[in-house]
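Residue numbering for the sequence shown is 200 to 430, as defined by the working numbering. Note that the Cβ used here is the ideal one computed from N, Cα and C, for glycine as well.
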Amino acid sequence: MIMTEVIPIKLAYSRVYLVKENGKNLIVDAGLPGKSGLLIKKLKENGVNPEDIDLIVITHVHYDHIGNLACLKEASKSPVLVSEQESAYLIKGKSPVPSGTNVFTKLLSGIGKKFNPLNGYKAVKPDVIFSDFGTLKEFGFSASLIPTPGHTSGSISLVFGSGEAFVGDTCFRVYNRKSVFPVFANDIPTLLKSWRTLLDSEARIFYPGHGNAFGRDLLLQSYEKLSLKYI
Ligand SMILES: [Zn+2]
200 MIMTEVIPIK LAYSRVYLVK ENGKNLIVDA GLPGKSGLLI KKLKENGVNP EDIDLIVITH
260 VHYDHIGNLA CLKEASKSPV LVSEQESAYL IKGKSPVPSG TNVFTKLLSG IGKKFNPLNG
320 YKAVKPDVIF SDFGTLKEFG FSASLIPTPG HTSGSISLVF GSGEAFVGDT CFRVYNRKSV
380 FPVFANDIPT LLKSWRTLLD SEARIFYPGH GNAFGRDLLL QSYEKLSLKY I
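Printed below as a string of structure tokens:
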């Protein structure tokens, strides 16, 4: 039987996840910049030294998901997996500001796009580029890789055989606890199609990039409500 253990690591408002499976260690995302010391400390508290990391998967390349990636890659020498679309940004160390989905974030996004359209960060050369549905079998993990565009066009999710899913910013669980609608998304109808894909997968527990884990029911409720408006 496969045992999958999920350890959320909170770095300010972003989440990094340590997933232990079959004696191997996978990291999902690398959190808000400037927190690499704290991240490594928390990994060690959970029995994982940087060199014990087998794979780093990046759900999408926004600065609050890859802030400590350069440091973590350097310390762990672990391969970094990212989608093809997102890899172009990661190599340059610059990603476009996403669009807001509510009054406040639309305003924020508008200001960002006008004055500072590209968020800069330390560039990283990815090792594994992913472009379609696939698995992490070759790395020893039970997870499927699923393209979940919408928040960004290259966003991906990971669904483990145990039903645990890592969805990056495809779902948010921060401001409105009755919905998992992200406060930023470039393409809302596409995002909702990605939600449908996740609902049709084996995913049962969802771990977002921001906020606490939630169950399938909350995603289904959010999907039914928003699909009336956007699809
Ligand atoms: Zn994001």
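Any non-hydrogen atom of ligand 1 closer than 7 Å to residue i Cβ
i, result
"P407", "no"
"P297", "yes"
"D368", "yes"
"F371", "no"
"F365", "no"
"F383", "yes"
One or two residues paired with residue i in a DSSP bridge
i, result
"T389", "Partner(s): none; T389 has no beta bridge."
"P295", "L317"
"Y216", "P207, V227"
"I355", "P346"
"R372", "G410"
"F383", "G299"
"E363", "I404"
Reduced DSSP secondary structure (H/G/I, E/B, other) of residue i
i, result
"K209", "strand"
"G410", "strand"
"V302", "helix"
"E401", "coil"
"T396", "helix"
"L335", "coil"
"S431", "As displayed, the chain neither begins before 200 nor continues past 430, which places residue 431 out of reach and without an answer."
"I310", "helix"
"I252", "coil"
"I328", "strand"
"K276", "coil"
"I201", "coil"
"I257", "coil"
"G426", "Before going on, a small fix: residue 426 reads as Ser here, not Gly. Residue state, collapsed to three classes: helix."
"K243", "helix"
"S341", "coil"
"G233", "coil"
Given residue i as reference, the closest of the options once Cα atoms are compared
i, options, result
"G230", "N267, D251, R415, K243", "N267"
"A342", "V215, K234, K223, F413", "K223"
"G299", "K321, G349, V260", "G349"
"Q284", "G309, F329, L254", "F329"
"N318", "N245, Q420, G367, D263", "D263"
"I290", "Y320, S277, G311", "Y320"
"V215", "K424, K240, L397", "K240"
"L425", "R376, P388, L242", "P388"
"L417", "E363, L390, R376, G367", "R376"
"Y212", "N411, K428, F405, A384", "N411"
"L302", "P295, P381, K209", "It should be noted that the sequence gives Val, not Leu, for residue 302. Looking at the Cα atoms, P381 is the closest of the given residues."
"A391", "V279, P316, L419", "Sequence check: residue 391 is Leu here, not Ala. The option with the nearest alpha carbon to L391 is L419."
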